[in-house]
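Protein sequences appear in the order of chains A and B. Those letters in the first sequence? Residues 1 to 116, by our numbering. Those letters in the second sequence? Residues 117 to 227, by our numbering. Just so you know, even glycine gets a beta-carbon here, dropped at the ideal spot from N, CA and C. Right, one structure below, let's go through it.
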Amino acid sequence: DVKVTQSSRYLVKRTGEKVFLECVQDMDHENMFWYRQDPGLGLRLIYFSYDVKMKEKGDIPEGYSVSREKKERFSLILESASTNQTSMYLCASSSFDLAGGPGEQYFGPGTRLTVT
Amino acid sequence: SQELEQSPQSLIVQEGKNLTINCTSSKTLYGLYWYKQKYGEGLIFLMMLQKGGEEKSHEKITAKLDEKKQQSSLHITASQPSHAGIYLCGADMEYGNKLVFGAGTILRVKS
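As C-alpha cells, this is what we get:
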C-alpha cells in the first residue's frame with residue numbers, strides 16, 4: 001500500500017512564527033505536491049517537485065517555500081505565518097504514468113493549521 | 117479551479133436514492149480522476165478515466181467520461197451513509213505533471 005504521511009494532523013501557531021510541514025512517501029515517487037484546501041475553493045496547488053532539489057511554483061506560492069533534499073521527503077515552509085494561511089494542507093505524491101502523464105496522486109491525511 | 121467546474125456544490129439525499137455529480141471543463145481532459153474525502157482527512161482515489169466514452173464501476177459507484185472528453189459524471193446507486201463525504205474530480209489538462217482539481221461536491225446521506 002502506498003503511504004503518504006504528514007508530520008502533524010493539527011497545528012496551532014502564532015502570527016510571525018516560522019512553520020514547517022513535513023511529508024514523507026514510501027513509494028519512490030518522483031513527484032510530490034503541496035496543496036491547501038479551503039471551503040468553496042477546492043484544492044489549490046502551492047508548490048510541487050518532480051525530482052530531488054527541483055521545485056516548481058503552483059498557483060498560490062506566495063508566502064510559502066519548499067525543500068526536497070531527499071526523494072521521499074517534501075517540506076513546506078511558512079516563513080512568517082499569517083492568519084490567512086489558516087487552512088488544511090494536503091501533501092500528495094505520484095509517479096508518471098506509462099504515457100508520461102501525471103498519474104494518480106496519493107494523498108496524506110492532511111494537516112489542519114490554525115494561525116492565531 | 118475555474119477550469120474545472122463541479123456541480124452541484126452540495127447534495128443531500130435520502131438513503132437508497134441515486135445521485136449524480138458532474139465535472140465539466142471547456143478544455144479536453146487527458147485524464148480524469150475521481151477522489152472521495154471524508155471530512156478532515158486526505159483524499160482517497162476512486163477511479164481514473166482516460167478514453168472518450170469510457171465507463172468504470174466500483175461497487176455502487178460508476179464514473180463516465182463523455183465522448184468529447186470534456187465532462188465526467190459520477191453516479192451513485194442506492195446511496196448509503198458510508199457514501200457521505202466530499203467528492204472531487206481532478207484532471208490532467210496537459211500542464212505537465214500537475215492535476216487541476218474541481219472545488220468539490222459535499223454529499224450528505226440521510227438515514
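With C-beta atoms as the reference, is residue i less than 8 Å away from residue j?
{"i": "Phe74 (chain A)", "j": "Met32 (chain A)", "result": "yes"}
{"i": "Phe217 (chain B)", "j": "Leu145 (chain B)", "result": "no"}
{"i": "Tyr155 (chain B)", "j": "Gly206 (chain B)", "result": "no"}
{"i": "Asn134 (chain B)", "j": "Ala194 (chain B)", "result": "yes"}
{"i": "Pro163 (chain B)", "j": "Lys172 (chain B)", "result": "Strictly speaking, residue 163 (chain B) in this sequence is Met, with Pro absent from that position. For Met163 (chain B) and Lys172 (chain B), yes; Cβs fall inside 8 Å."}
{"i": "Gln196 (chain B)", "j": "Thr140 (chain B)", "result": "no"}
{"i": "Tyr149 (chain B)", "j": "Glu56 (chain A)", "result": "no"}
Applying the criterion that 16 or more other CB atoms from any shown protein chain within 10 Å of the CB defines a buried residue, is residue i buried or exposed?
{"i": "Phe107 (chain A)", "result": "buried"}
{"i": "Asp51 (chain A)", "result": "exposed"}
{"i": "Phe20 (chain A)", "result": "exposed"}
{"i": "His29 (chain A)", "result": "buried"}
{"i": "Gln118 (chain B)", "result": "exposed"}
{"i": "Arg36 (chain A)", "result": "buried"}
{"i": "Arg68 (chain A)", "result": "buried"}
{"i": "Asn213 (chain B)", "result": "buried"}
{"i": "Lys185 (chain B)", "result": "buried"}
Would a check of beta-carbon distances place residue i closer than 8 Å to chain A?
{"i": "Met203 (chain B)", "result": "The question names Met, yet the displayed sequence has Tyr at residue 203 (chain B). Closer than 8 Å: no."}
{"i": "Leu215 (chain B)", "result": "yes"}
{"i": "Leu190 (chain B)", "result": "no"}
{"i": "Gly218 (chain B)", "result": "yes"}
{"i": "Tyr149 (chain B)", "result": "yes"}
With a threshold of 8 Å between beta carbons, is residue i in contact with chain B?
{"i": "Thr105 (chain A)", "result": "For the sequence presented, residue 105 (chain A) should be read as Gln rather than Thr. Judged by the 8 Å Cβ criterion, Gln105 (chain A) is in contact with chain B."}
{"i": "Leu43 (chain A)", "result": "yes"}
{"i": "Phe96 (chain A)", "result": "yes"}
{"i": "Phe48 (chain A)", "result": "yes"}
{"i": "Gly16 (chain A)", "result": "no"}
{"i": "Pro109 (chain A)", "result": "yes"}
{"i": "Pro102 (chain A)", "result": "yes"}
{"i": "Arg112 (chain A)", "result": "yes"}
For the beta strand (DSSP E) containing residue i, name the first residue and the last one.
{"i": "Asp51 (chain A)", "result": "42–51"}
{"i": "Arg224 (chain B)", "result": "221–226"}
{"i": "Ile177 (chain B)", "result": "177–181"}
Extract the residue ranges of the beta strand (DSSP E) inside the stretch 146–218 of chain B, only unbroken runs of 3 or more that lie entirely within it. 147–153, 159–165, 171–174, 177–181, 187–192, 201–208
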